[in-house]
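Participant:
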Amino acid sequence: MTEQDLPTLSDLLDKNSFRLQGISGWEDLSHLGTGNLRNILELVKGNGYRMLMEHPQKSEVALFRQGMQQLEHYLKQSSELKPFLPRLRMESFRHAEEVMVYLGDTQGITSKESWMQGIIIGVEKSYKQEFAATSGSSKNGYYWRLTAQLNEENLPWGNTVSFSTSEPRVIPAKEFTYLKKALTEDPCFLEIYCKNARRDWEPIWCTENSLKSSGLEMDMQTWLKKQ
């Protein structure tokens with residue numbers, strides 16, 4: 021069976037298919053790295069359990085298993101750790117972890133630096149009603165709320181920012197280093213990453229402080245060149 025005969029990745033993830041933004045199909049999986057492939061596979065397995073309960077037809081189950089086996093094949097062939105795509109982050113941030121935060125499109129910021137260094141000081145489960153309405157997932161509005169303390173002291177609201185796990189403007193420092201190199205050394209992965217990062221809603225630190233971003237379309241590749 022060729023990959024053209026397999027179910028699409030979106031079919032495998034069903035309600036979580038929004039996490040695949042920027043991944044055009046099976047041919048992109050070889051660029052993703054071990055961590056992203058493992059998280060996709062875990063999401064597919066979770067969807068498989070639901071499918072067995074709701075649609076136990078043998079033909080559908082067989083096709084689903086073939087898709088999952090192909091994912092497992094890609095995972096076995098992968099050995100390189102790459103940054104997690106923002107929409108595929110799960111528990112990707114740890115207390116005291118160093119991060120880079122992009123504030124270049126947040127209105128009211130006077131610093132000359134678009135990217136600011138920070139450290140994670142808070143990791144907690146939280147709830148937002150709007151997330152329940154728009155996420156498409158089964159988490160019903162619950163999310164991991166993270167807080168980073170920034171080295172910059174002269175922000176309009178203080179020196180901390182809060183955000184959700186998938187906020188693309190916050191990147192673990194080690195992943196940020198990889199992404200900077202990827203501008204020239206891994207352009208295929210970077211293109212997927214930048215497409216996956218695009219979103220049209222404000223970061224939490226804007227909504228909670230009555231601020232707005234610039235309103236311009238996100239351009240992660242240009243942002244990375246600013247540091």
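Take this note's numbering: the last position of the sequence shown gets the number 247, and nothing is skipped along the way. For every residue, glycine included, the Cβ atom is placed at its ideal position computed from N, Cα and C. Treat the numbers as computed from the prediction; the structure is a model and nothing was measured.
Using C-beta distances below 6 Å, list every residue in its chain close to L49, excluding the 5 sequence neighbours before and after it, in chain order.
Facilitator: Counting only Cβ-Cβ distances below 6 Å, and skipping sequence neighbours, we find Y94.
Participant: Go ahead and pull the three-state DSSP assignment for T180.
Facilitator: It is a strand residue.
Participant: What three-state label does DSSP hand P207 in the structure shown?
Facilitator: Helix, per DSSP.
Participant: Closest to S99 by C-alpha separation, out of G53, E118, R114, would be which residue?
Facilitator: The shortest Cα separation from S99 among G53, E118, R114 belongs to G53.
Participant: Would you mind giving the Cβ-Cβ distance between T185 and T167, rounded to the nearest angstrom? I have them listed as a contact below 8 Å.
Facilitator: Between T167 and T185 the Cβ distance is about 12 Å, and since that is not below 8 Å, they are no contact.
Participant: Does M88 come out as helix, strand or coil in the three-state DSSP assignment?
Facilitator: It is helical.
Participant: Take the Cβ of T126 as the centre, count every other Cβ of all protein chains shown within 10 Å, and call the residue buried at 16 or more, exposed below.
Facilitator: Classification of T126: buried, given that the 10 Å Cβ count is 16 or more.
Participant: Of all the options F113, L63, R165, which has the alpha carbon lying nearest to the alpha carbon of E195?
Facilitator: Nearest of F113, L63, R165 to E195, Cα basis: F113.
Participant: Could you spell out where the beta strand (DSSP E) holding L170 opens and where it closes?
Facilitator: 162-170 is the span of the beta strand (DSSP E), which, as asked, contains L170.
Participant: Excluding the five sequence neighbours on either side, which residues of its own chain have a C-beta within less than 6 Å of the C-beta of W135, listed in chain order?
Facilitator: Answer for W135: M120, Y122, Q247, listed in chain order.
Participant: I need the boundaries of the beta strand (DSSP E) containing W135, first residue and last residue.
Facilitator: Residues 135-147.
Participant: Note the first and the last residue of the continuous alpha helix (DSSP H) segment covering M240.
Facilitator: Counting along the chain, the alpha helix (DSSP H) containing M240 begins and ends at 240-244.
Participant: Just checking: is the beta-carbon of S44 within a distance shorter than 8 Å of some beta-carbon in chain D?
Facilitator: Given the protein chain composition of this structure (a single chain), no chain D is represented.
Participant: Buried or exposed: which applies to R189, given that a residue is buried once 16 or more other Cβ atoms fall within 10 Å of its Cβ?
Facilitator: R189 should be labelled buried.
Participant: Answer yes if the segment 80-93 comes into contact with the segment 28-47, meaning at least three C-beta pairs across the two stretches below 8 Å, and no otherwise.
Facilitator: Touching, yes, given that three or more Cβ pairs across the two stretches are closer than 8 Å.
Participant: Using three-state DSSP, classify E23 as helix, strand or coil.
Facilitator: It is helical.
Participant: What's the C-alpha gap between V64 and K200?
Facilitator: If you take the alpha carbons of V64 and K200, they lie about 30 Å apart.
Participant: When burial is assigned at 16 or more other CB atoms within 10 Å of the CB, is W221 buried or exposed?
Facilitator: Exposed, by the Cβ-count rule.
Participant: Can you tell me whether DSSP reads S157 as helix, strand or coil?
Facilitator: Here the model assigns S157 a pLDDT of 48, short of 50, so the residue's position is not dependable and the matter cannot be decided.
Participant: Name the DSSP beta bridge partners of Y122, please?
Facilitator: The partner list for Y122 (beta bridge, DSSP) reads W135.
Participant: Cα separation between H51 and R219?
Facilitator: Their Cα atoms are separated by approximately 22 Å.
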